[in-house]
Amino acid sequence: MDEIVFWLLPLLMALLVGILCPVMGTLLVTQRRVLQANLISHAVLPGLALSVAFGFDPALGGVISGILGSLLAERLQRSSKLNEEAVINTVLAGFLGLGVLLIPLLGLRLDLEALLFGDLLTVGWLDIGRVLVACLAVAWLLGTRYRELVYLGVDPEGAASAGLPVRGLRLALSAVTAAVIVSAMAAVGVILVIGLLCAPVLPGLHRVKSLRAAMIQAAFVGLALSGGGFLLALPLNLPPGPLIGVACVVLLCPLAGRST
Amino acid sequence: MNVQYGDSVVLENVSLSLQSGTLTALVGANGAGKSTLLRVLKGQLRPSSGSVYCDGDLIETCRERVALMPQRSRIDWSFPISVSDLVDLGSMNGRSFGCCDREAALQRVGLADLANRRLDALSGGQQQRALLARSLVQPSRMLLLDEPCAAIDPPSRDQLLLLMRQLADAGHTLLVSSHDWGEALDSYDRVIVVDRRVLADGPPAEVRRSLKGLVNPGNHHCG
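Protein sequences, first through last, are from chains A and B. Final position of the first sequence in the working numbering is 304; the numbers increase by one with none missing. Final position of the second sequence in the working numbering is 1309; the numbers increase by one with none missing.
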């Protein structure tokens, strides 16, 4: 029985993350928020460290820290008219550096490698629970704001002039992104999660006629990537997270030869 | 009205009114303040001094009565969306409905047969007409079009101009910006030339005469 749980939990986690990340990633790609998502994935680290130090759930601290990083970058970019990419990457490096510094400063015993690159084989029910909470957050966002997100993606200025709460929508997007990233941390780590957010979205994005259809096709591709990567990693005795990251790049290679 | 960004004056002493059922061209070079003026008229941007009224009400209280069709570069044409779904987004502007429902708007702009196509599968001119159909679904009788004919081929421009003329004849008020001017200016009821201030305002022939040195008849103009 224990042996079955040992296999099943990581596989269940791989499959859930394989669906959740591409669905969220479809929103991020179509809203042109991938850079912000990459920033959030690095900015969760200081919150994780502080949460562990003060005895809170690391996921909660990670989400708050990720949102703060995103807000800081947005504030800096808006108030100073600085180059968006440069600001985001600088804040990303700052939050990552702070997270790494906090671990020795607070005397924490954290497995930094597992945080950054994931460790599917050690996941437990708590990790599954976090993914399910993140699934609910994504379902809430899509269930209540789907059309507004479509409007915002295709015509941001038009959405603003139609009176849609653009800043509120982007904040909600950042919060749900942080929740997804933190929940996927145990599977692929905060560094590799960006691959699973983006790669499954791209193959079919230019064929489908709706955001909903794009999400469904991305979920199927993500499911195959994540599940396949996990099942391949076991006999090869390789860490599943990095293998899934490599599989994401391999997935894109055939697209390079496709005519535009 | 006046519009200022910091020390930079973008619009100075601009005063104008638009009558219902007219097709007006807003002409000026790049950076002349056309897009700023459209944003002010839509109520997106508050003027530094002065006010904008729509049927006697301050624009801030009735923004849904004015539809703004943005420049091509503001739209993500590769977004996964069908033409009919794009047009449907117009119904999110305000609580009431526009002059047309989705099907009627698509019919009016001649895209009913392409309703299920992806937006990026259309030609440039068809894309502009799809955006115009979205504006028709909005509860607005006043349409502001920001350079709708930029980067589309001449037949498409002519088609769009004809469509705009039909909408004006049906009672819509259209203000169409362009940085280009030419023979097609004669299709408009009125031409307003801006370069930070209003340089000329009147029927096309009159504006041509008053700005003879600036107008190059060889250039095509649509909107």
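All C-beta atoms, glycine included, are put in the ideal place defined by N, C-alpha and C.
On a Cα-Cα basis, can you pick out the residue from the options that is closest to residue i?
i	options	result
Leu92(A)	Val245(A), Leu112(A), Leu185(A), Ala277(A)	Leu112(A)
Gly1210(B)	Gln1245(B), Ala1190(B), Leu1230(B)	Gln1245(B)
Val1169(B)	Lys253(A), Arg214(A), Leu269(A)	Lys253(A)
Gly106(A)	Leu120(A), Asn133(A), Leu140(A)	Leu140(A)
Tyr190(A)	Met259(A), Thr134(A), Pro148(A)	Met259(A)
Asn1179(B)	Arg1149(B), Thr1259(B), Arg1125(B)	Arg1149(B)
Tyr195(A)	Gln1157(B), Ile1167(B), Val1284(B)	Ile1167(B)
Leu1230(B)	Ile1238(B), Arg1243(B), Ser1264(B), Pro1133(B)	Ser1264(B)
Gln1252(B)	Ala1153(B), Gly1107(B), Arg1125(B)	Gly1107(B)
Ala87(A)	Leu150(A), Leu146(A), Leu60(A)	Leu146(A)
Can you confirm whether residue i, when its beta carbon is compared against all beta carbons of chain B, has any partner nearer than 8 Å?
i	result
Lys253(A)	yes
Ala216(A)	no
Thr74(A)	yes
Ala258(A)	yes
Leu296(A)	no
Leu249(A)	yes
Leu52(A)	no
Please list, in chain order, all residues of the same chain as residue i whose beta carbon is under 8 Å from its beta carbon, the five residues on each side excluded.
i	result
Cys242(A)	Gly69, Leu72, Val73, Val78, Cys292
Let me know the secondary structure DSSP gives residue i once reduced to three states.
i	result
Asp1206(B)	helix
Val1195(B)	coil
Gly207(A)	coil
Ile111(A)	helix
Arg1283(B)	strand
Met1087(B)	coil
Thr1108(B)	coil
Asp1143(B)	strand
Ser1264(B)	strand
Ile1238(B)	coil
Ile1278(B)	strand
Ser227(A)	helix
Ser1296(B)	helix
Leu126(A)	coil
Val1223(B)	helix
So, for residue i: in the same chain, excluding its five sequence neighbours on each side, which residues have a beta-carbon less than 6 Å away from its beta-carbon?
i	result
Leu53(A)	Val167
Gly1304(B)	At Gly1304(B) the pLDDT is 41, less than 50, meaning the model places this residue with poor confidence; the figure from the coordinates comes in the next sentence. Contacts found: none.
Glu128(A)	Gln121
Only counting the same chain, and skipping five residues up and downstream in sequence, which positions put a Cβ closer than 7 Å to that of residue i?
i	result
Leu296(A)	Ala243, Leu246
Leu282(A)	none
Lys1120(B)	Leu1112, Gly1114, Ser1263, Val1280
Gln261(A)	Gly248, Val252
Check whether the Cβ of residue i lies closer than 8 Å to any Cβ atom in chain A.
i	result
Val1096(B)	no
Arg1204(B)	yes
Pro1234(B)	no
Asn1179(B)	yes
Pro1166(B)	yes
Leu1310(B)	Since the first and last residues shown for chain B are 1087 and 1309, residue 1310(B) lies out of range.
Leu1229(B)	no
Asp1187(B)	no
Leu1172(B)	yes
Leu1285(B)	no
Beta carbons nearer than 7 Å to chain B: which residues of the region 79–110 of chain A have them?
none
Taking only beta carbons into account, state which residues of the region 191–222 of chain A come closer than 9 Å to chain B, listed in chain order.
Arg191, Glu192, Val194, Tyr195, Gly197, Val198, Asp199, Pro200, Glu201, Gly202, Ala203, Ala204, Ser205, Ala206, Gly207, Leu208
Taking beta-carbon pairs under 9 Å, can you tell me which members of the region 1125–1140 of chain B lie near chain A?
Arg1125, Lys1128, Gly1129, Gln1130
Contact set between the region 1152–1164 of chain B and chain A, restricted to residues whose Cβ is under 8 Å from the partner
Leu1154, Pro1156, Arg1160, Ile1161, Asp1162, Ser1164
Could you please tell me which residues of the region 1240–1252 of chain B, in chain order, have their CB closer than 8 Å to any CB of chain A?
none
When Cβ atoms are compared, which residues of the region 1090–1122 of chain B fall closer than 7 Å to chain A?
none
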